[in-house]
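Undergrad:
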Amino acid sequence: MRKIIKYSTLTLALLFLGCTKLTPMLPSDPKIDKSQTQYSAIRDDINSMVSVFYGKPINIIVDGIENKTKARAELPANISDVVNIAFNEIGENVNTIANPDMVGGYKQVYIIHGAITEFDVMEERNSGLNTDIEGGNGRGQWTTSGELGRESKITNMTIIFNPEDINKGSFIPKSSTSNRITIYQKSNANEFGFFIFGSGFGSNQSITKSQGIHSSIAVLVDLSVAEVLGKVAKFPYWLLTKGKVNEYLLNQLTEKFLDDKLNQKLYKISYLLALQDSSVQPTRVMTPALEMAIKSYKKTHGMRENLHFTQEFYRSLLGG
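The sequence shown runs 88 to 407 under this note's numbering.
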């Protein structure tokens, strides 16, 4: 018997474990969070981070992001539109170039190559229920068929991004991403549980959305976009994705800070503090609110309560 199932609820738990090879400990009965937390809120912060740390708009071309797995029926053949939307919705500081013939008008352009490289069922219990899963929600409506276990089905999906500097004609060192989403489907409860594993992100935030597997693609793309942009434009993306600190990039940011002018240092410090304290606004001049925030931060982190912008202070802010 075949049923049409349109998933209206799902759980997204973004849990960073630092290693994509670990087997997740999945709950037997995942709870649905009704708070409607929006993971896409990080896009606004990405937009401002590009301005603060990169200092100019970053120009992106998305190459064909194809499904390289054997799961031709279960997944879209190409998710370039989803990736383009994820970049385009960030804001004016990320410019997505639709026509590659126009790159001559830009001084610096990055091409994002990538693919879905894994979609493997890791565990399936009491299988036998045929289903059709509908998805899209504004990103291309689609329907796919498959077998769902009456109790549970665990599937791993991996998406990779590999950015190229078009001026140099080479891939950018230490800037690729490879992130996996483990999809826990409990068909008899009409639930989806998502667990993110990767080098760049992970959060204990619970998110409720609709559209099942397609939403897992959108989530994985959005957070991978934050990571790849952070590596290319050199900003602390882990503060937005709640993931592991990139030590290589952290060292680069700290070294660059020593050469910054005072107004640039104030801008970066005030922005980083604003992520933690809503009373602080990014600024290039010292304000009473910023002075108070600096001293308060240093006090709570065991530093001398002064206005000296040391590497220790800046590195601590970057670490989150």
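For every residue, glycine included, the Cβ atom is placed at its ideal position computed from N, Cα and C.
On a predicted model such as this, the values are computed, not experimentally measured, just so you know.
Alpha carbon to alpha carbon, how far is V137 from I246? Give it in angstroms, no decimals.
TA: For the purposes of this step, residue 246 is identified with residue 159 of the sequence shown, where counting begins at 1. For the purposes of this step, residue 137 is identified with residue 50 of the sequence shown, where counting begins at 1. Between I246 and V137, the C-alpha separation is close to 23 Å.
Undergrad: Under 8 Å Cβ to Cβ from V319, same chain only, skipping five residues before and after it: list those, please.
TA: Here residue 319 refers to the residue found at position 232 when the sequence shown is read from its first residue. Same-chain partners within the cutoff: I145, Y197, P250, I259 and S262.
Undergrad: Are the beta-carbon atoms of I304 and I203 separated by less than 9 Å?
TA: For this step, residue 304 is matched to residue 217 along the sequence shown. For this step, residue 203 is matched to residue 116 along the sequence shown. Result yes, Cβ atoms of I304 and I203 sit closer than 9 Å.
Undergrad: Return the CA-CA distance between L349 and E153, expressed in angstroms with no decimal places.
TA: By 1-based counting over the sequence shown, the position of residue 349 is 262. By 1-based counting over the sequence shown, the position of residue 153 is 66. When rounded, the distance between both Cα atoms is 45 Å.
Undergrad: Comparing C-alpha positions only, which one of V149, P187 and N165 sits nearest to K155?
TA: Here residue 155 refers to the residue found at position 68 when the sequence shown is read from its first residue. Answer by Cα proximity: N165.
Undergrad: CA-CA distance, N175 and Y324?
TA: The residue you call residue 175 lines up with position 88 of the sequence shown. The residue you call residue 324 lines up with position 237 of the sequence shown. Distance between the alpha carbons of N175 and Y324 is about 17 Å.
Undergrad: Skipping 5 residues on each side, what residues in its chain have a beta carbon closer than 8 Å to that of V139?
TA: Residue 139 sits at position 52 when you count from the first residue of the sequence shown. The answer, listed in chain order, is F322, Y354, K355, Y358 and P369.
Undergrad: Do E378 and L394 have their beta-carbon atoms positioned less than 9 Å apart in this structure?
TA: Numbered from its first residue, the sequence shown carries residue 394 at position 307. Numbered from its first residue, the sequence shown carries residue 378 at position 291. Yes, they are a contact pair.
Undergrad: Smallest Cα separation from F248: which of E210, I172 and L316?
TA: For the purposes of this step, residue 248 is identified with residue 161 of the sequence shown, where counting begins at 1. Nearest C-alpha to F248: L316.
Undergrad: With 16 as the cutoff for other CB atoms within 10 Å, does L336 come out buried or exposed?
TA: The residue you call residue 336 lines up with position 249 of the sequence shown. When all chains shown are included, L336 counts as buried.
Undergrad: Using a 10 Å radius around the Cβ and a threshold of 16 neighbouring Cβ atoms, would you call L404 buried or exposed?
TA: Counting from one through the sequence shown, the residue named residue 404 turns up at place 317. When all chains shown are included, L404 counts as buried.
Undergrad: DSSP has H200 in a bridge; who is on the other side?
TA: Here residue 200 is taken as the residue at index 113 of the sequence shown, counted from 1. In the DSSP output, where bridge partners are listed per residue, H200 has N249.
Undergrad: N134 and I177 - do their beta-carbons sit closer together than 9 Å?
TA: Here residue 177 is taken as the residue at index 90 of the sequence shown, counted from 1. Here residue 134 is taken as the residue at index 47 of the sequence shown, counted from 1. Their beta carbons are under 9 Å apart, which means I177 touches N134 by this criterion.
Undergrad: Against chain D, does L310 count as a neighbour if the rule is that its beta carbon must be under 9 Å from one of theirs?
TA: Among the protein chains of the structure shown there is no chain D, as only one such chain exists.
Undergrad: Going along the chain, which residues of its own chain have a beta-carbon closer than 6 Å to the beta-carbon of N180, five neighbours each way excluded?
TA: The sequence position of residue 180 within the sequence shown is 93, counting from 1. So the list reads N134, V137, S138 and P144, once near-sequence residues are dropped.
Undergrad: For the alpha helix (DSSP H) that contains T370, what are its first and last residues?
TA: Within the sequence shown, residue 370 is the residue found at index 283, counting from 1. Counting along the chain, T370 falls outside any alpha helix (DSSP H), and DSSP gives it neither H nor E.
Undergrad: Under the three-state reduction of DSSP, which class applies to E399: helix, strand or coil?
TA: One-based indexing of the sequence shown puts residue 399 at position 312. In the structure shown, E399 sits in a helix (DSSP, three-state: H, G or I).
Undergrad: In the DSSP assignment, find the unbroken alpha helix (DSSP H) run with N350 in it and report its ends.
TA: Here residue 350 corresponds to residue number 263 of the sequence shown, with the count starting at 1. Counting along the chain, the alpha helix (DSSP H) containing N350 begins and ends at L349 to A361.
Undergrad: Could you give the distance in angstroms between the alpha-carbon of R371 and the alpha-carbon of S365?
TA: Counted from its first residue, the sequence shown places residue 371 at position 284. Counted from its first residue, the sequence shown places residue 365 at position 278. In a straight line, the C-alpha of R371 is about 17 Å away from that of S365.
Undergrad: Does the Cβ of D150 lie closer than 8 Å to at least one heavy atom of the ligand ZN?
TA: This structure lacks the ligand ZN, and indeed carries no ligand of any kind.
Undergrad: Return the first residue and the last residue of the beta strand (DSSP E) that N146 is part of.
TA: The sequence position of residue 146 within the sequence shown is 59, counting from 1. Note, N146: beta strand (DSSP E), I145 to V149.
Undergrad: Might you give, ordered along the chain, the residues of its own chain that have their beta carbon closer than 8 Å to the beta carbon of Q398, omitting 5 neighbours on each side?
TA: If you number the sequence shown from 1, residue 398 lands on position 311. Excluding positions up to five away in sequence, the list reads T341, F344 and L345.
Undergrad: On a Cα-Cα basis, can you pick out the residue from I241, I268 and K386 that is closest to M209?
TA: For this step, residue 209 is matched to residue 122 along the sequence shown. Among I241, I268 and K386, the Cα nearest to that of M209 is on I241.
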